[in-house]
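Each remark here refers to the structure printed beneath this line.
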Amino acid sequence: MKLFKLLSVLPLMLVFVSEADASYRTKITVAKDGSGDYTSLQEAIYDTKAFPDKRITIYVKKGTYKEKVNIPAFNTHLSIIGEDPEKTIITWDDHFKKIDKGRNSTFYTYTMKVEANDFYAENLTIQNTAGDVGQAVALHLTGDRVVFRNCRILGHQDTFYGAGESSRQYFSQCYFEGTTDFIFGDATVLFEDCEIHSLANSYITAASTPAWKDFGFVFLDCNLTAGEAVKEVYLGRPWRDYAKVAFLNCYMGNHIHPQGWANWKGTDRDRTANFSEYGNTGPGSKLSNRITWMHRLTDEQAQQYKIEIILATVCNKEAGLEMWISRRAESE
1 MKLFKLLSVL
11 PLMLVFVSEA
21 DASYRTKITV
31 AKDGSGDYTS
41 LQEAIYDTKA
51 FPDKRITIYV
61 KKGTYKEKVN
71 IPAFNTHLSI
81 IGEDPEKTII
91 TWDDHFKKID
101 KGRNSTFYTY
111 TMKVEANDFY
121 AENLTIQNTA
131 GDVGQAVALH
141 LTGDRVVFRN
151 CRILGHQDTF
161 YGAGESSRQY
171 FSQCYFEGTT
181 DFIFGDATVL
191 FEDCEIHSLA
201 NSYITAASTP
211 AWKDFGFVFL
221 DCNLTAGEAV
231 KEVYLGRPWR
241 DYAKVAFLNC
251 YMGNHIHPQG
261 WANWKGTDRD
271 RTANFSEYGN
281 TGPGSKLSNR
291 ITWMHRLTDE
301 QAQQYKIEII
311 LATVCNKEAG
321 LEMWISRRAE
331 SE
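Sequential numbering of the sequence shown, starting at 1, is according to the numbering used here.
Written out as structure tokens, the structure reads:
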């Protein structure tokens, strides 16, 4: 009955949306050469409608955009689509010492920060070019229902910060590059068909998953690679108690340390960490010398690692839109 009522009023809702759409642009172009509506991505974001009724799409032409980009929480339903993932580059070079804002300086170093829900990005390079100088975030996410597809996230230490203990974020066919703890945070993040490239002997993940969450960082069908000189990389270490990380059906190069995982030095976080593996291949996937406190998932347990379970939604990968109507209707 609830679902019927929802469907019956949908045409009226669409009429309202179409009338509201007339008051703002839903298609914007950014181009360095002046051929678009703006030459700066941040300027385009400043001019988008807050809490729009219809998704707004910013198309970004090829070029290097040296700017620090922030998408505030009120810029919901925003898509940023690049022309070419290798030639549409958003870059900045802040790092811990340069920011110099005290002990929490890391969290101000981002090149791009997304606070908004229902954000979608495609065909972009987002990089922090500070180099190997300590904490320097390229991409910082706090929004919920965030999707990145065919993007490159480049940095060294702390490249990607997946934040927001109630946030869910999804990466498909993306490339991540970094050194120490270059994928870290407390969000639920699904990486599917991504390449995870280590630049130095260190740790890939540093999760801080809250105790109540079923999933932290999940890697499905990913490819773990490294530079030729890199020989000892750990899959992760627990940044906080109850850290959760899982690798399933991934290829692991010979740079992955035989022990696989490590504890955070000087702590007993290994007692609560949930580090799991299943069905991985490659020279770095051998489980014979893994630490004793990692989890070898059973076939039945591995069945729980599906996108619709991990993200608790029906995810539209093509559009990156929230698709929760049926779930809401069933629960009302």
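Backbone N, C-alpha and C fix where the C-beta goes; we use that ideal spot for every residue, glycine too.
Open item on the list: Please return the same chain residues whose Cβ sits closer than 6 Å to the Cβ of THR26, not counting the five positions on each side in sequence.
Closed with: Here the set comprises LYS54, ILE56.
Task: Neighbourhood of ASP84 by C-beta, 8 Å cutoff - its chain only, sequence neighbours within 5 removed - done: The answer, listed in chain order, is LYS62, ASN123.
Task: ALA302, enclosing alpha helix (DSSP H) - first and last residue - done: Start and end: 299-302.
Task: ILE204 versus LEU220, ILE126, TYR234, residue with shortest Cα-Cα distance - done: Taking only the C-alpha atoms, the option nearest ILE204 is TYR234.
Open item on the list: With the cut-off set at 8 Å, would you say TYR175 and ARG152 are in Cβ contact?
Closed with: Going by beta carbons, TYR175 and ARG152 fall inside the 8 Å limit.
TODO: Check whether the stretch 274-286 touches the stretch 145-161, taking contact to mean three or more Cβ pairs, one atom from each stretch, closer than 8 Å.
DONE: No: fewer than three Cβ pairs fall under 8 Å.
Open item on the list: If distances are taken between C-alpha atoms only, which option among GLY134, ALA206, ILE196 comes closest to PRO252?
Closed with: Per the sequence presented here, residue 252 reads as Met, with Pro not at that position. Of the residues GLY134, ALA206, ILE196, the one whose Cα lies closest to the Cα of MET252 is ILE196.
Task: Residue from MET294, GLY236, GLY216, ALA116 whose Cα sits closest to the Cα of ASN201 - done: It is GLY236.
Open item on the list: Any contact between the stretch 113-120 and the stretch 68-80? By contact I mean 3 or more CB pairs, one from each, below 8 Å.
Closed with: Judged by pairs of C-beta atoms under 8 Å, the stretch 113-120 touches the stretch 68-80, as three or more such pairs exist.
- [ ] Run the CB neighbour count on TYR261, radius 10 Å, all protein chains shown included, and call it buried at 16 or more, exposed below.
- [x] Per the sequence presented here, residue 261 reads as Trp, with Tyr not at that position. With 16 or more Cβ atoms within 10 Å of its Cβ, TRP261 is classed as buried.
Task: Proximity below 8 Å, CB of ALA116 to CB of GLY143 - done: Yes, they are a contact pair.
TODO: Check whether the Cβ atoms of ASP181 and ALA206 lie closer than 8 Å to each other.
DONE: Cβ distance < 8 Å, so ASP181 and ALA206 count as in contact.
- [ ] Find out if the Cβ-Cβ distance for the pair GLN127, PHE96 is shorter than 8 Å.
- [x] GLN127 is not a Cβ neighbour of PHE96, given a cutoff of 8 Å.
Task: Contacts around ALA50, its chain only, beta-carbon distance under 6 Å, and the 5 residues preceding and following it disregarded - done: Same-chain partners within the cutoff: PHE74.
TODO: Give a yes or no on whether the C-beta atoms belonging to ASP268 and TRP293 are separated by under 8 Å.
DONE: The answer is no: Cβ separation not under 8 Å.
Task: Buried or exposed by the 16-neighbour rule on C-beta atoms within 10 Å, applied to ARG296 - done: So ARG296 ends up on the exposed side.
Open item on the list: Since GLU86 and THR125 should fall inside the 8 Å C-beta cutoff, what is the C-beta to C-beta distance between them, to a whole number of angstroms?
Closed with: The Cβ separation is near 6 Å, so the contact holds.
- [ ] To the nearest angstrom, report how far apart LEU41 and TYR65 are at their CA atoms.
- [x] Whole-angstrom Cα-Cα distance: 8 Å.
TODO: Return helix, strand or coil for SER202, following the three-state DSSP convention.
DONE: Shown here, SER202 sits in coil according to DSSP, grouped into three states, outside any helix or strand.
Task: Among MET112, ASN254, ASP241, the one whose alpha carbon lies nearest that of THR272 - done: The closest CA to that of THR272, considering only MET112, ASN254, ASP241, is found on ASP241.
Task: ALA246 versus ASN70: straight-line alpha-carbon distance, rounded - done: For ALA246 and ASN70, the distance between alpha carbons rounds to 30 Å.
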